[in-house]
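All you need for my numbering is the position in the sequence shown, starting with 1, plus 7.
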Amino acid sequence: TSPNPRSFCAAARVEISLEDGRVIDKTVQYMRGHPKNPMEEDEFVSKFKDCARSVLSPANTARALATIKQLDQLSDLRILMSTLVAD
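Right, dumping it as structure tokens:
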């Protein structure tokens, strides 16, 4: 556990050794979705739909997404929470 949860970044490194001896490696300091490595809107929508598929109908998923897009304008978070109730 990180001593400071706000600093958690879940850095990851992958190293692939090829048969010809070359080594390809990639390090990602900040996981996708972190403020320093944000998702594009279409990535977020796709991930949300994938996660919501087993508990929300397509109509309620669309309603939840529409509410999330207006999050900064909501007067009460209960409005958002009401869209996230399983069908």
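C-beta atoms are modelled at their ideal positions from N, C-alpha and C, and glycine is treated no differently.
Around the C-beta of Leu78, are 16 or more other C-beta atoms found within 10 angstroms, so that it is buried, or is it exposed?
exposed
Report the partner residues of Val173 according to the DSSP bridge assignment.
Because residue 173 is not part of the residues shown, which for the chain are 8 to 94, the question remains open.
Just to confirm the assignment, what range does the alpha helix (DSSP H) spanning Met88 have?
84-90
Is there contact here, the segment 21-37 with the segment 52-71, by at least three beta-carbon pairs under 8 Å?
no
Return the CA-CA distance between Leu91 and Asp57, expressed in angstroms with no decimal places.
14 Å
Quick check on Ile31 - is its C-beta less than 8 Å from some C-beta in chain D?
In the displayed structure, chain D is absent; only one protein chain is listed.
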